[in-house]
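Under the working numbering, the first residue of the sequence shown carries the number 79, and numbering increases by one thereafter.
Ideal placement from N, C-alpha and C gives every residue a C-beta, glycine not left out.
Heads up, the thing below is written out as structure tokens.
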Amino acid sequence: MPDNCVFCRIVAGELPAKIIYQDDQVVAFRDTNPQAPVHILVIPREHIAGPLDFTDGLAGLAGQLIVAAGHVARQEGIAGDGYRLVLNQGRQGGQSVFHVHLHVLGGRRMTWPPG
Ligand code: AMP
79 MPDNCVFCRI
89 VAGELPAKII
99 YQDDQVVAFR
109 DTNPQAPVHI
119 LVIPREHIAG
129 PLDFTDGLAG
139 LAGQLIVAAG
149 HVARQEGIAG
159 DGYRLVLNQG
169 RQGGQSVFHV
179 HLHVLGGRRM
189 TWPPG
């Protein structure tokens, strides 16, 4: 685990988080600064800095984030109405935590273009 990775520390149980789903590959927990009534982050247990670091060998794990987001959406009751998935890469993409995370946003109508 890289030093000071907040999300690695959540995976390790060293920092508190409202975990709502987990399996052997991913962990999903509530965002502490929610941008929608439902705002959950799905992360791999393995430290991967961002979407750009998903190499061919990690394609299955990348897909598992989306599969887990579906589990989360059904569990949270937003699957029927719909939801938005967001992956931010790098500073210009709006990434602030450098352990890849898939945002699951729902419970309100999303607008386009994104800010
Ligand atoms: P991003 O800007 O795409 O890197 O998103 C990082 C997200 O992580 C933001 O929405 C933050 O509110 C959220 N966040 C940061 N630290 C924590 C934490 N300890 N627990 C839950 N969410 C966090």
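| query | In terms of DSSP beta bridges, what is Gln100 paired with? | reply | Val105
| message | So for Val116, helix, strand or coil by DSSP? | response | strand
| In three-state terms, what does DSSP make of Ile144? | helix
| message | Need the endpoints of the alpha helix (DSSP H) that Arg87 sits in, please. | response | Val84 to Val89
| message | Tell me the residue span of the beta strand (DSSP E) that contains Arg162. | response | Tyr161 to Val164
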